[in-house]
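Chemist: Chains B and L supply the protein sequences, listed in that same order.
For reference, each letter of the first sequence is one residue, going 1 to 139 in the numbering used here.
For reference, each letter of the second sequence is one residue, going 1001 to 1124 in the numbering used here.
Please see the structure below; I have some questions.
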Amino acid sequence: MATEGSRVAIPPIMVIRVEDTMDVMIARNTARRAASLLGFSSVSRAQIATAVAALADIILNVEARQTIHLHGIRDGVDMGIQVSCEAPWLASASPDNALIALRSKLGDIMDEIDVEPGPPPRIVMILWLDAGRTTQLDG
Amino acid sequence: MAPTVLLVEDSKTQAKQIKDVLESVGLEVRIVGDGPDAIREALENPPDLIVLDIQLPSMDGYQVCRRLKRAEETQNIPVIMLTDKAGTKETMIGLKAGADDYIPKDIFAAEHLMETLKELGVLG
């Protein structure tokens, strides 16, 4: 398993190649699947799926072809879902400006949105699985 | 008795398609075509679930959802927004209005709807 500081990547690990508009729908669906496997509620699944679809839209809008990576993440007792992709089109932008543009597009739909410096820069988003965001299945 | 669904959808074609999906898993479906009718129907005959479009005549789905979640008689009825408006802002407006899920009308919509119905306990 990959680690990032005290954060550890956990299953499910999924990847989505984004090359055309159909892939936006597939990305949205894959994100819902991953979130469901991690125990996110329907409301949180909708948030994650929308954030991933927005990221796929960004990739298409800059005429790039990129792979979105989805995986669970654990930090001590906290668990969540991480979404990331390389963003070479941000190489010429300052990280601050890139982050402002991303947050403007994605709003507060995810808990964390960051641009890690490259090369190439990488967009990383996390939604944590807190008590209000878990599935409560009957039986 | 089959769980009942109030489907709020102004497009007759889409209403028929969604109704067929819901009925195929044994749900009883009532259809209304606008917001005020949805609120009146939900108050008079509370369903087990509301499936709500966003773009409706006279009152949009967000307004309908807020009204339903404010009223004591309807605030605990799950609301699933099923919509063409799938952007980040629209999703957050829908969820903040109190929707229990926000599902775009794409090729995976029926699958996602079924998954959420199970989670909400509407399907056994």
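Note that beta-carbon positions come from the ideal geometry of N, C-alpha and C, so glycine has one too.
Can you list, in chain order, the residues of its chain whose CB lies under 8 Å from that of residue 115 of chain B, leaving out five sequence neighbours each side?
Modeler: Looking up residue 115 of chain B in the first sequence gives position 115. These residues qualify, in order along the chain: 87, 90, 95, 98, 99, 102, 121, 122, 123 and 124.
Chemist: Pairing CB atoms from the region 11 to 19 of chain B with CB atoms from the region 57 to 74 of chain B, are three or more of them under 8 Å?
Modeler: Cβ pair count under 8 Å is three or more, so yes.
Chemist: Please name the residue or residues paired with residue 128 of chain B in a DSSP beta bridge.
Modeler: Working through the first sequence from its first residue, we reach residue 128 of chain B at position 128. According to DSSP, residue 128 of chain B bridges with B:80.
Chemist: Any beta carbon from chain L within less than 8 Å of residue 137 of chain B's own beta carbon?
Modeler: Position 137 of the first sequence holds residue 137 of chain B. Unreliable placement is indicated for residue 137 of chain B, whose pLDDT of 47 sits below 50; no coordinate value is reported for it.
Chemist: Anything in the region 1097 to 1113 of chain L with a Cβ closer than 9 Å to a Cβ of chain B? List those residues in chain order, please.
Modeler: So the list reads 1099, 1100, 1101, 1102, 1103, 1104, 1106, 1107, 1108, 1111 and 1112, given in the order they occur along the chain.
Chemist: Rounded to whole angstroms, what is the Cα-Cα separation between residue 93 of chain B and residue 1030 of chain L?
Modeler: Position 93 of the first sequence, counted from the first residue, corresponds to residue 93 of chain B. Position 30 of the second sequence, counted from the first residue, corresponds to residue 1030 of chain L. Answer to the nearest angstrom: the Cα atoms are 53 Å apart.
Chemist: Compare the beta carbon distance of residue 1015 of chain L and residue 1065 of chain L with 8 Å and say whether it is the shorter of the two.
Modeler: Along the second sequence, read from residue 1 onward, the residue named residue 1015 of chain L stands at position 15. Along the second sequence, read from residue 1 onward, the residue named residue 1065 of chain L stands at position 65. The answer is no: Cβ separation not under 8 Å.
Chemist: Over what stretch of residues does the alpha helix (DSSP H) that includes residue 1037 of chain L continue unbroken?
Modeler: In the second sequence, the residue the question calls residue 1037 of chain L occupies position 37. Start and end: 1035 to 1044.
Chemist: Would you identify the three-state DSSP class for residue 1075 of chain L, choosing helix, strand or coil?
Modeler: To locate residue 1075 of chain L, count along the second sequence from 1; it is residue 75. Of the three classes helix, strand and coil, the one that applies to residue 1075 of chain L here is coil, per DSSP.
Chemist: By the DSSP assignment, the alpha helix (DSSP H) with residue 62 of chain B in it spans what residues?
Modeler: Translated into positions along the first sequence, residue 62 of chain B becomes position 62. Here residue 62 of chain B belongs to no alpha helix (DSSP H), and DSSP marks it neither H nor E.
Chemist: Below 8 Å on C-beta distance, what does residue 109 of chain B contact in chain L?
Modeler: Counting from one through the first sequence, the residue named residue 109 of chain B turns up at place 109. The answer, in chain order, is 1088, 1091 and 1092.
Chemist: Would DSSP call residue 1103 of chain L helix, strand or coil?
Modeler: Stepping through the second sequence from its first residue, residue 1103 of chain L is reached at position 103. Here residue 1103 of chain L sits in strand by DSSP.
Chemist: What span of residues does the beta strand (DSSP E) with residue 9 of chain B cover, start to end?
Modeler: Residue mapping note: residue 9 of chain B aligns to position 9 of the first sequence, counting from 1. Residue 9 of chain B -> beta strand (DSSP E) spans 7 to 18.
Chemist: Looking only at C-alpha atoms, which of L:1082, L:1093 and L:1094 sits nearest to residue 1114 of chain L?
Modeler: Mapped onto the second sequence, residue 1114 of chain L falls at position 114. Residue L:1082 is the option with its Cα nearest to residue 1114 of chain L.
Chemist: Any C-beta of chain L within less than 8 Å: which residues of the region 35 to 46 of chain B qualify?
Modeler: From the region 35 to 46 of chain B, only 36, 41, 42, 43, 45 and 46 have a Cβ closer than 8 Å to chain L.
Chemist: Quick one: what does DSSP say residue 135 of chain B is sitting in, helix, strand or coil?
Modeler: Here residue 135 of chain B refers to the residue found at position 135 when the first sequence is read from its first residue. Three-state result, residue 135 of chain B: coil.
Chemist: Using 8 Å as the limit for Cβ to Cβ distance, is residue 25 of chain B near chain L?
Modeler: Here residue 25 of chain B refers to the residue found at position 25 when the first sequence is read from its first residue. Yes - at least one Cβ of chain L is within 8 Å of the one on residue 25 of chain B.
Chemist: Quick one: does residue 29 of chain B have its CB under 8 Å from some CB of chain L?
Modeler: Taking the first residue of the first sequence as 1, we reach residue 29 of chain B at position 29. It does: the Cβ of residue 29 of chain B has a partner Cβ on chain L nearer than 8 Å.
Chemist: Give a yes or no on whether the minimum CB-CB distance between residue 1116 of chain L and chain B is below 8 Å.
Modeler: Numbered from 1 along the second sequence, position 116 holds the residue referred to as residue 1116 of chain L. Output row for residue 1116 of chain L: interface = yes.
Chemist: Of all the options L:1022, L:1121, L:1041 and L:1086, which has the alpha carbon lying nearest to the alpha carbon of residue 24 of chain B?
Modeler: Sequence index remark: in the first sequence, residue 24 of chain B carries index 24 (1-based). Answer by Cα proximity: L:1086.
Chemist: Say whether chain L places a C-beta atom closer than 8 Å to the C-beta of residue 134 of chain B.
Modeler: To locate residue 134 of chain B, count along the first sequence from 1; it is residue 134. It does not; no Cβ of chain L falls within 8 Å.
Chemist: I want to verify the contact list: residues of chain B whose CB lies under 9 Å from the CB of residue 1009 of chain L, in sequence order.
Modeler: By 1-based counting over the second sequence, the position of residue 1009 of chain L is 9. In chain order: nothing, as chain B lies at least about 19 Å away.
Chemist: Of all Cβ atoms in chain B, is any one closer than 8 Å to the Cβ of residue 1041 of chain L?
Modeler: For this step, residue 1041 of chain L is matched to residue 41 along the second sequence. Not an interface residue.
Chemist: Let's test the definition: count the other Cβ atoms within 10 Å of the Cβ of residue 38 of chain B and tell me whether it reaches 16, buried, or not, exposed.
Modeler: Residue numbering aside, residue 38 of chain B sits at position 38 when the first sequence is read from its first letter. Result: buried.
Chemist: On a CA-only basis, which of L:1097, L:1022, L:1056 and L:1040 is nearest residue 1011 of chain L? Give me that one, please.
Modeler: Locating residue 1011 of chain L in the second sequence gives position 11, counting from the first residue. Measuring from the Cα of residue 1011 of chain L, the nearest candidate turns out to be L:1056.
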